[in-house]
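Protein chains: 2
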Amino acid sequence: MNKIITISREFGSGGRELGKRLSELLGYAYYDKEIIEQISQRTQLAESYVQQIVDRKPNTFFPITTSHSMHGDGSDYLMKQHASVYAEQTNVLFEMAEKSDCIIVGRCADYILKDFNPLRIYVYANMEAKLKRCYNKANPEEELTRKQMLRIINRIDKDRAKYYHYYTGRKWGDHVNYDLCVNSSVISVKELAESLAHILKKD
Amino acid sequence: MNKIITISREFGSGGRELGKRLSELLGYAYYDKEIIEQISQRTQLAESYVQQIVDRKPNTFFPITTSHSMHGDGSDYLMKQHASVYAEQTNVLFEMAEKSDCIIVGRCADYILKDFNPLRIYVYANMEAKLKRCYNKANPEEELTRKQMLRIINRIDKDRAKYYHYYTGRKWGDHVNYDLCVNSSVISVKELAESLAHILKKD
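As structure tokens, this is what we get:
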């Protein structure tokens, strides 16, 4: 069976950087945006639209009035689209896991690929460190205030937690769902990647 | 400021082994049972009694009838004893942290010593691994059944969670209270200790 590493991460914690570093050090395939591209190709939905769907759980609180005026079709259609995107996501992840050793960022991969016995990592960070990382990556022309950036970070993480819980029934960030949870403000992503690669190469 | 590592651990997860290994690799002092000894000396209470007190949160649900018959003295006395043991525990931990670099296992040290900015580790493990470790350490003459051992593990961890929550207001095992949470059934204590020592020596 191939070796799989799944990385769940708070926004701005450096989870993607960890994935990329591990991929370079171990020679495993690295999948992140590629998953969205694959789902988009298979469902014939635009990548930007798929990205929106996979970033949030389906809105189960469709307004009754709207639902009535659409004879229930609007919410049904949306729910079906979410379900088909999730189903395709599952297919894509299975294919990736069966193809070669790989690292997968996000997408409930720790849950979907549980039978592959992945090494499940959760990366988090102190808010100040997350703000700093987000500012470094942000488009300087946007000129987001600290308050605005805080709101973005909190909203994205809240959406990720809801999405994860919706599809897995589990609590996002609860250590029981991971093998390693690490605060990247204290143990740097670079050091963590090197240590993990060292351990995994011996296995 | 001295370097402090605190280790919280599920029963049978190998947290003490991690502490001892780190102590050997880093040359930091290691404190575990020594804390109880110190509290016992200072409070003039027997070590076995102190051990009982520091293993459980005070019983705040003293029956009203009993309380009445004792004019409230029984529960008051017990509560005061718990409080004085916790206060002494705090003093002992501060003295240890001020003395030299050290590793402290349990005792809410991550919370009590927060101003020392400790590296806070939480060690957990799959139940099968915990059972195995506990059987290896148990007195073979006791001949505990699997069911009995499971009950012991679950009860001790439940008590630890309650104790931690009572004195800190925090949830035991919640990643936000630690810098590193690790499943020792997946990443061995030996490998973890070596990796951490490598990282910490560079700091």
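In order, the protein sequence lines correspond to chains A and B.
All you need for our numbering is the position in the first sequence, starting with 1, plus 25.
All you need for our numbering is the position in the second sequence, starting with 1, plus 25.
Note that beta-carbon positions come from the ideal geometry of N, C-alpha and C, so glycine has one too.
- Per DSSP, reduced to three states, the secondary structure at Thr68/B is helical.
- Annotated three-state conformation of Cys133/A is coil, per DSSP.
- In the structure shown, Leu156/B falls within a helical segment according to DSSP collapsed to helix, strand and coil.
- Counting other Cβ atoms within 10 Å of its Cβ, Lys155/B reaches 16 or more and is therefore classed as buried.
- By a beta-carbon distance limit of 8 angstroms, Ala218/A does not contact Leu103/A. Their separation comes to about 39 angstroms.
- Between Gly44/B and the set Ile128/B, Arg132/B, Phe141/B, the nearest pair of CA atoms involves Ile128/B.
- For Tyr53/B, there is no enclosing beta strand (DSSP E), as DSSP gives it neither H nor E.
- At a cut-off of 7 angstroms between beta carbons, Gly198/B contacts chain A.
- Among the residues of the stretch 199–217 of chain A, those with a Cβ less than 7 angstroms away from any Cβ of chain B are His200, Asp204, Leu205, Cys206, Val207, Asn208, Val211, Ile212, Glu216, in the order of the chain.
- Note that the C-beta distance between Cys133/A and Tyr74/A is not below 7 angstroms.
- It is roughly 34 angstroms from the alpha-carbon of Gln66/B to the alpha-carbon of Val207/B.
- Legend: CB atoms of the stretch 124–141 of chain B lying less than 8 angstroms from CB atoms of chain A are not found in any residue.
- Per DSSP, Arg171/A lies in no beta strand (DSSP E) segment; the continuous alpha helix (DSSP H) that holds it begins and ends at 171–193.
- From the listed residues Arg81/B, Gly52/B, Asn202/B, the smallest Cα separation to Pro143/B is found for Asn202/B.
- Taking Lys105/A as reference, the option from His223/A, Thr68/A, Val130/A, Asp140/A with the minimal CA-CA separation is Thr68/A.
- Ser125/A sits exposed, since fewer than 16 C-beta atoms from the chains shown fall within 10 Å of its C-beta.
- Every alpha helix (DSSP H) stretch that sits fully inside the stretch 94–124 of chain A and reaches 4 residues is listed by chain position as 98–124.
- Under a 10 Å Cβ-count criterion, Thr31/A is classified as buried, with 16 or more other Cβ atoms of the shown protein chains found around its own Cβ.
- Partner residues in the beta bridge of Asn208/B, as assigned by DSSP, are Tyr149/B.
- Proximity of Ser65/B to chain A, defined by a Cβ-Cβ separation below 7 angstroms, is not satisfied.
- With a 10 Å radius around the Cβ and a threshold of 16 neighbouring Cβ atoms, Ala122/A comes out buried.
- Under the 10 Å beta carbon count, Ala71/B is surrounded by fewer than 16 other beta carbons and is classified as exposed.
- Cβ-Cβ separation between Arg81/A and Asp182/A: approximately 12 angstroms, too far for a contact (criterion under 8 angstroms).
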